[in-house]
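In this text, residue positions in the sequence shown follow the numbering used here: the first is 2, and each later residue adds one.
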Amino acid sequence: MAVVGIPGSLLYYRFFPLWEAFFGGLGVNIKTSKPSSNITLLNGANYAHSDSCLPIKLGFGHVAELMGDADYIFLPRFFRLEEKSFVCPKMIGFTDMIKSVLCSADSGQGVNCQANPACTGVSKKKIAGVKNTEFIEPLFDIHNYSNQKVFKKIGSFFSWNPFKIRRAYFDSVRHYNNVCNERENIFLKKLNLNRGLKIGVIGHPYNIYDEFISMGILKELSKLDVLPVTFEDAPGIGFECDFSKFPSNLFWSFGREIYKTAQYFMNGADFKVDGIIYVAPFGCGLDSIMTTIVQGAAKDAGVPFLSLVVDEHTAKAGIVTRLEAFIDMIAYKK
Ligand code: SF4
């Protein structure tokens, strides 16, 4: 049975339940890469451009780990996830960067991982003798193609039967919606029990939920008896937001999501946090702008704000100290 490798990076942290259910519905086995670690980073940094942000470097490491271990690697091209807005250029180009760098490793262009003992040293050339890994690289561009159409194309790798693919697609969407609703319900139960501080954690999902990038910030906040809340936890109510004051209505999908989540956390009719933490990786152009915008909005709303910029040299002790100081300050003020 075919095995599809799914790198545990970038939008894996948003859509994995959907992908897992879809491939499962087609009877396809999936293999995910291991959670991010120093090894993933060392591996990825050997291939990625040195100016890349931390998530992109890790993304290279995750793909490299799977090459040779799966028949296919699922590497979607994300372009437009909603009308009139785009994802970041590095994410748009990620599939092409992977293909041009990892698959040309044998040509000696820019790849030299032999000097690094932690590097697995995989390349298309080496893999070819073991197993022929193929990329599945659908384009998600909602302006031109419906998601159903894109999944139909993905499914055609594994089934000739359009009805089977259609059923797998709708089942996976239902499963995904259930997972999202369940997360909100779990959060609402925690909220009802919580008598302490509530802290909104905002940023790209892969920066918050990849514990290697965020240094496990959600767990660290819980250890401080704080209830952390993210975009994924928050109930959908009250999420409308006016973007008209921004040029082109703020045309980055995740910029819009981050801003409206912050606004909801600070000014929501049914829910308010005691402070906001913005997790951003060094080298992210979008976050460097959004941090300033959200910080200004937090100041206007009188909500304490902490910006945590992380990179591969960040030490966990430093992050924990800053979290403790931030929480102590809010508790003292209250
Ligand atoms: S949005 Fe930022 S963190 Fe995400 S891929 Fe682009 S540059 Fe990297």
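From the three backbone atoms N, C-alpha and C, an ideal C-beta is built for every residue, glycine too. Computed from a predicted model, the values in this text were never measured in an experiment.
Close beta carbons around residue i, own chain, < 8 Å, minus the five adjacent residues each side
i: T287; result: It is Leu, not Thr, that sits at residue 287 in the sequence shown. Excluding residues within five positions, the ones whose Cβ falls inside 8 Å are C89, W253, F255, G256.
i: V274; result: K199, I200, G201, V230, F266, M267, V304
i: M2; result: G28, V29, N30
i: Y73; result: A3, V4, V5, G6, T134, E135, F136, I137, F158
i: S38; result: F213
i: G197; result: D226, V227, L228
i: I143; result: R81, L82, E83, E84
i: A299; result: A263, M267, I277, P305, F306
i: S223; result: P229
Coarse secondary structure for residue i, derived from DSSP in three states
i: L59; result: helix
i: V310; result: strand
i: I99; result: helix
i: F348; result: As displayed, the chain neither begins before 2 nor continues past 335, which places residue 348 out of reach and without an answer.
i: P282; result: strand
i: F141; result: strand
i: K125; result: In this prediction, K125 scores a pLDDT of 42, lower than 50, which makes its location untrustworthy; no coordinate-derived value is stated.
i: R196; result: coil
i: F136; result: strand
i: K32; result: strand
i: E84; result: coil
i: G269; result: coil
i: G276; result: strand
i: V64; result: helix
i: Y146; result: coil
i: V304; result: coil
i: G6; result: strand
i: G204; result: coil
i: N113; result: With a pLDDT of only 38 at N113, under the threshold of 50, the placement of this residue in the model should not be trusted; the figure read from the coordinates follows. Here N113 sits in coil by DSSP.
i: D107; result: Per-residue confidence for D107 stands at a pLDDT of 47, beneath the threshold of 50, marking its modelled position as unreliable; no derived number is given.
i: T53; result: In the sequence under discussion, the amino acid at residue 53 is Ser, which differs from the Thr named in the question. If DSSP states are grouped into helix, strand and coil, S53 belongs with coil.
i: A316; result: coil
i: L287; result: helix
i: K335; result: coil
i: L324; result: helix
i: L12; result: coil
Paired residues, beta bridge with residue i - DSSP
i: P90; result: Answer by DSSP bridge pairing: none, since P90 is not bridged.
i: T41; result: Answer is none; T41 lacks a bridge partner.
i: F23; result: DSSP lists no partner for F23.
i: R78; result: L140
i: Y260; result: Bridge partners of Y260: none, in fact.
i: Y73; result: V5, E135
Close Cβ partners of residue i (< 6 Å) along its chain, the five nearest in sequence each way excluded
i: L324; result: E221
i: G276; result: I200, P305, I331
i: V310; result: A281, F283
i: L219; result: P229
i: N402; result: Outside the modelled stretch of the chain, which goes from 2 to 335, sits residue 402, for which no answer is possible.
i: T293; result: none
i: P118; result: At P118 the pLDDT is 43, less than 50, meaning the model places this residue with poor confidence; the figure from the coordinates comes in the next sentence. Answer for P118: no residue qualifies.
i: G45; result: K58, L59, F61, G62
i: I128; result: Reliability fails at I128, whose pLDDT of 40 lies under 50, so the model's placement of it is uncertain and the value that follows must be treated cautiously. So the qualifying residues of the chain are M68, G69, T134.
Sequence-distant residues of the same chain with beta carbon closer than 7 Å to residue i, five excluded per side
i: C242; result: Y260, K261, Q264
i: V180; result: P18
i: I155; result: I137, P139
i: Q149; result: Y170
i: F159; result: A3, L27, V29
i: F79; result: L12, V88, M92, I93, F141
i: G109; result: Residue placement at G109 is flagged as unreliable, the pLDDT there being 41, under the threshold of 50; the coordinate-derived value follows with that caveat. Once the five neighbours on either side are set aside, G109 has no close Cβ partner at all.
9 Å Cβ cutoff, residue i in contact with chain B
i: K58; result: Any reference to chain B falls outside this structure, which holds one protein chain only.
Heavy atom of ligand 2 within 8 Å of residue i beta-carbon
i: N208; result: As presented, the structure is devoid of ligand 2, carrying ligand 1 as its sole ligands.
Start-end ranges of the alpha helix (DSSP H) lying completely within the region 209 to 252, minimum 4 residues: 212 to 215, 218 to 224
To test your reading of the DSSP string, which unbroken beta strand (DSSP E) runs of 3 or more residues are found completely within the region 152 to 186? List check, beta strand (DSSP E) in window: nothing returned.
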